[in-house]
Structure formats: C-alpha cells, structure tokens
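Asker: Protein chains in written order, with full-length UniProt numbering: chain A, 1 to 227; chain B, 1 to 227.
Using N, Cα and C, we set each Cβ at its ideal position, and we do this for glycine too.
Predicted, not measured: the structure shown is a model, and the values here were computed from it.
A single structure is presented below for examination.
Protein chains: 2
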Amino acid sequence: MSLKAYRILQQVDVIVGYKTYIELLEELVTEGQRVVSNGMTKEVERCQQAINLALEGEEVAIVSSGDPGVYGMAGLILELLQEEVKLEVEIIPGITAANAAASSLGAPLMHDYAVISLSDLMTPWEVIEDRLEKTAEGDFIVALYNPKSKKRVKQIEIARDIFLRNREPNTPVGIVRKAKRGDEELIITTLVEMLEHKIDMVTTVIIGNSQTFKQDNLMVTPRGYEV
Amino acid sequence: MSLKAYRILQQVDVIVGYKTYIELLEELVTEGQRVVSNGMTKEVERCQQAINLALEGEEVAIVSSGDPGVYGMAGLILELLQEEVKLEVEIIPGITAANAAASSLGAPLMHDYAVISLSDLMTPWEVIEDRLEKTAEGDFIVALYNPKSKKRVKQIEIARDIFLRNREPNTPVGIVRKAKRGDEELIITTLVEMLEHKIDMVTTVIIGNSQTFKQDNLMVTPRGYEV
Numbered sequence: 001m002s003l004k005a006y007r008i009l010q011q012v013d014v015i016v017g018y019k020t021y022i023e024l025l026e027e028l029v030t031e032g033q034r035v036v037s038n039g040m041t042k043e044v045e046r047c048q049q050a051i052n053l054a055l056e057g058e059e060v061a062i063v064s065s066g067d068p069g070v071y072g073m074a075g076l077i078l079e080l081l082q083e084e085v086k087l088e089v090e091i092i093p094g095i096t097a098a099n100a101a102a103s104s105l106g107a108p109l110m111h112d113y114a115v116i117s118l119s120d121l122m123t124p125w126e127v128i129e130d131r132l133e134k135t136a137e138g139d140f141i142v143a144l145y146n147p148k149s150k151k152r153v154k155q156i157e158i159a160r161d162i163f164l165r166n167r168e169p170n171t172p173v174g175i176v177r178k179a180k181r182g183d184e185e186l187i188i189t190t191l192v193e194m195l196e197h198k199i200d201m202v203t204t205v206i207i208g209n210s211q212t213f214k215q216d217n218l219m220v221t222p223r224g225y226e227v
Numbered sequence: 001m002s003l004k005a006y007r008i009l010q011q012v013d014v015i016v017g018y019k020t021y022i023e024l025l026e027e028l029v030t031e032g033q034r035v036v037s038n039g040m041t042k043e044v045e046r047c048q049q050a051i052n053l054a055l056e057g058e059e060v061a062i063v064s065s066g067d068p069g070v071y072g073m074a075g076l077i078l079e080l081l082q083e084e085v086k087l088e089v090e091i092i093p094g095i096t097a098a099n100a101a102a103s104s105l106g107a108p109l110m111h112d113y114a115v116i117s118l119s120d121l122m123t124p125w126e127v128i129e130d131r132l133e134k135t136a137e138g139d140f141i142v143a144l145y146n147p148k149s150k151k152r153v154k155q156i157e158i159a160r161d162i163f164l165r166n167r168e169p170n171t172p173v174g175i176v177r178k179a180k181r182g183d184e185e186l187i188i189t190t191l192v193e194m195l196e197h198k199i200d201m202v203t204t205v206i207i208g209n210s211q212t213f214k215q216d217n218l219m220v221t222p223r224g225y226e227v
C-alpha cells in the first residue's frame, strides 16, 4: 500500500469495498469510521453505493486490491459518474498484481510486457486469444490475470499452447498465489510444465520472453546492460 | 511510495541511487545515513557500488523511480550478483509510470495493456517496431516509456503512425510529464494530434484502445460492466 492510500484511508468517513479486501484492511480502520462491504460480482452496486454516500456529503474511499486502475474500480466509478452531479474523485494508484508478483519472482518484467486477463465474462474469448497470439509473437513478457476459476479451466491451457508454439518449452514461468498478501505462495517453472502446478483466481502467471532466465530461485529478464 | 519502501529507507545504512531520484528523497534521509548518488547511464557502476557496500557489511537500499522491476535496477542487481558471494536481496515493488500516469488521466488501463520502451539504446529498433505493430493490431492500451529524447525524435513519430494505421484518428491519448512527482503536467489529446504536444524523456504516453473515451478531463477505458 502506498503512503498516500494509507493517509487517505485514515481521513475518510466511510470505506467501501469487496469484503475480502476489507478484511485485509481491518486493523487500519479507526473508531468512528464506517465500513461498507459486499460480495464478488456486485461491483456496480458497490460503486453506486460509494457514489450515493459521497452525494450525501460523506468523504468516501472505495478500495480495490492492487491498482484500482487495472481491472479495478476506478473506471467503473468514473463511468457511473458520467450522468451524475459532479463529485471530486481522486484515483490513488497502487501496485498491481503483475508488479507485486514480479518483485517476489525476482525481476521478470525488466523488458516490454503485457497484462492480459483470461476472464471472458466481459470480453469475447476471440479477442483475448488474439491478444495472447500477438504478445506471444512479439516476444513480450506476459502477466496473466484471472488465469483459471472453478468453471473456467480451458483458457489457461489454450494460452499455454499459444506460447508453446512461439517460445522454447523451457521458457521460465512464474506462478504467484496471493502476491504480497502475507500468505503468498510461489513457484518458478517452465512453459511445458506450468499446468502441473496449482493455478486459480488469486494467482498471477508471468511468462518470460525469449531472454528470461532462471537464476537460483529467481526469474530474471535482462534489460540489455553489459554485465 | 509504498509503506514498505518508506520503512526500509529509514532502516538502512546507505541509500544508493541516480542523483535526480536521490534529490526527490532528500527529506527522508536521516542523520547517520550515507547517501551515494551518480549520474545517468552509470547504472552498472551504481549497482556494483551498492553490491560492494553490501559485501562490506552495510545494509544498502538502491532506489529506482517507479517500480525497480520495470526497466529499473532490480534486474541489473540480480544479474551482477550471479557470480558474487550470495547477498540477501529483497525487491520492493513500486508504482511504475504507466500506473501512476493512468491514475492522473482517469482510468485508461482498465483493460489489457502493454508497456513498451521506445529507447533503442539496448534493444534493436526492429524488435520495438514489431511490438508496436502487434499491440496496435491486438487493440491493447499501450503505455510508451522513454518516448523521445533530444537525439531520438523519430521513434515516437513511427509509433504514432503504426497506431494511426490500426485505430481511429480520434483515439484518446494521454501525455503525462513527471507523473506524480509534484510538478506533473498532463494533457489528453488524440492519436492524430498527439505530436503537437511536448513529449520528452520524463513523459509517459498512454494510447487508448478502440473502446477508450474522453469524459470531461478524463480518459477512461470501460472494463465491460453494464452501467
């Protein structure tokens, strides 16, 4: 969490968020602050609730995990405000899962990279598949978000196959569960073996580019300095 | 800056960094802490110096702007350590320019995105150009780092032309100088007009995807929620 986010959370009247993230913040909440939380898939309601509270005159913080600007609540809040009475909104950037996971793995994101969500709930799968193809061909390091859920298991297999057609089977792949949340788990494996490891909705998968190497327990992509 | 980075900077014996970034930290340095800074393009020396100090038994923090894991010092430190006596290294993630700039612009990175450096000092230009093509075709939001320097002016023009061939001329483009450094400057323009604005080495350029829109003074990419 950034110093800025920390300071703002201490100042506001109300903190709104998805209940799992609110739980992570519990020890920061001070007496006199109100906390409003709800469940997954209730994003629109949650943001509307935050807006309504702000319209009532409360100072409201709505929290996202990682960076609210990356598949988070920032865009939705702004979209919902389109037709509303103007409110003062400030987006506080955070550390998104790609960067958090990368720091635990070593330094895999030292060169051009892409962030792709494998969730096809709101994006046609053909679009996602095309983006996987393009980044695999372009030798990007790729961070995959929402790689797999209980119902959605094929996407990560297709993604893996696309990269296998474009990169060496022993390309390093980092798999990080709950990056920087205290109970983090991580493994560095390879493209050909990655599906043998546990991957779920709280996992970030980072696929190296053609230059990425494994060094001891770390995954490193060279920037290009002569060392 | 994250709470973690702040705490660590207060604990260490020595802080090492590029002089411009060290200046940004000046008020954090406490009595008894040593500061070692040097100029641009001296990255290898700077990292080696940090390693040497650590080998002498000092607790050393080496600082990067943004996220040290994105075109920063994390990878170089790990590469230089390959042949060295083992040292304990911890990478503290930060907020990279793409995410910092995005938060000032609104919420442009709400969908799949790519980060590409236009600096061809250490990467062949053909590789960079190919990556621009791939992400333009794949409808990624793209954050361009190091877009232009005094000597390097053509790259941003080529990049712009690649995107113009793949996206509408009025696609929103955000140009942010010195994102979140206190003297930030920003403008939201379009693909066709972006080159009329000041772009330099401390600028991050964010090109929207086909869905990105401008709303008042903000740039927003919808995630796909029904609003």
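Identify, in the order they occur along the chain, each residue of the same chain with its Cβ nearer than 6 Å to the Cβ of Ala-114 of chain A, setting aside the five sequence neighbours on each side.
Answerer: So the qualifying residues of the chain are Thr-135, Phe-140, Val-142.
Asker: With 16 as the cutoff for other CB atoms within 10 Å, does Asn-52 of chain B come out buried or exposed?
Answerer: Exposed.
Asker: Taking only the alpha-carbon atoms, compute the straight-line gap between Cys-47 of chain A and Gly-32 of chain A and give it to the nearest angstrom.
Answerer: Straight-line Cα distance between these residues: approximately 22 Å.
Asker: By Cβ distance, which residues of its chain are closer than 7 Å to Arg-160 of chain B, with the 5 residues on each side in sequence left out?
Answerer: So the qualifying residues of the chain are Leu-191, Met-194, Leu-195.
Asker: Report buried or exposed for Asp-112 of chain A, applying the criterion of at least 16 other Cβ atoms within 10 angstroms of its Cβ.
Answerer: Asp-112 of chain A is buried by the Cβ-count criterion.
Asker: So the candidates are B:Gly-57, B:Ile-92, B:Ala-102; which of them puts its Cα closest to the Cα of Val-63 of chain B?
Answerer: For the residues B:Gly-57, B:Ile-92, B:Ala-102, the minimum Cα distance to Val-63 of chain B belongs to B:Ile-92.
Asker: Could you please give the first and the last residue of the uninterrupted beta strand (DSSP E) stretch that includes Tyr-145 of chain A?
Answerer: Run containing Tyr-145 of chain A: 141 to 145, per the beta strand (DSSP E) assignment.
Asker: When we look at the beta-carbon of Gly-57 of chain A and count the other beta-carbons within 10 Å, is it buried (16 or more) or exposed?
Answerer: It is exposed - the Cβ of Gly-57 of chain A has fewer than 16 other Cβ atoms within 10 Å.
Asker: From the beta carbon of Pro-147 of chain A, is the nearest beta carbon of chain B less than 9 Å away?
Answerer: So, not an interface residue.
Asker: Compare the C-beta of Leu-76 of chain A against all C-beta atoms of chain B and say whether one is closer than 9 Å.
Answerer: It does; some Cβ of chain B falls within 9 Å.
Asker: Taking the alpha carbon of Thr-189 of chain B as the point to measure from, which residue in B:Lys-180, B:Leu-81, B:Gln-215, B:Lys-178 has its own alpha carbon closest?
Answerer: It is B:Gln-215 whose Cα lies nearest to the Cα of Thr-189 of chain B.
Asker: Taking the straight line between their C-alpha atoms, what separation do you get for Tyr-21 of chain A and Ser-65 of chain A?
Answerer: For Tyr-21 of chain A and Ser-65 of chain A, the distance between alpha carbons rounds to 6 Å.
Asker: Can you find a CB in chain B that lies within less than 9 Å of the CB of Phe-140 of chain A?
Answerer: Output row for Phe-140 of chain A: interface = yes.
Asker: Checking contacts by CB at 9 Å: is Asp-183 of chain A closer than that to chain B?
Answerer: Chain B contact via Cβ: absent.
Asker: Tell me the DSSP secondary structure of Leu-186 of chain B in three-state form.
Answerer: Reduced to three states, the DSSP call for Leu-186 of chain B is strand.
Asker: Give a yes or no on whether the minimum CB-CB distance between Leu-3 of chain B and chain A is below 9 Å.
Answerer: Yes, because at least one Cβ of chain A sits closer than 9 Å to the Cβ of Leu-3 of chain B.
Asker: Tell me Val-202 of chain A's beta-bridge partners as DSSP assigns them.
Answerer: For Val-202 of chain A, which the question treats as bridged, DSSP gives no partner whatsoever.
Asker: Can you list, in chain order, the stretches of the alpha helix (DSSP H) that have 4 or more residues and sit fully within the region 36 to 60 of chain A?
Answerer: For the region 36 to 60 of chain A, whole alpha helix (DSSP H) runs of length 4 or above, ordered along the chain, are 43 to 55.
Asker: In its own chain, which residues sit with a C-beta less than 7 Å from the C-beta of Glu-184 of chain A, not counting the 5 before and 5 after it?
Answerer: Cβ within range, chain order: Ser-104, Val-176, Arg-177, Lys-178.
Asker: Could you list which residues in chain A have their beta carbon closer than 7 Å to that of Gln-82 of chain B, in chain order?
Answerer: Those are Gln-215, listed as they occur along chain A.
Asker: Assign Thr-30 of chain B to buried or exposed, taking buried as 16 or more other Cβ atoms, counted over all protein chains shown, within 10 Å of its Cβ.
Answerer: Flag for Thr-30 of chain B reads exposed.
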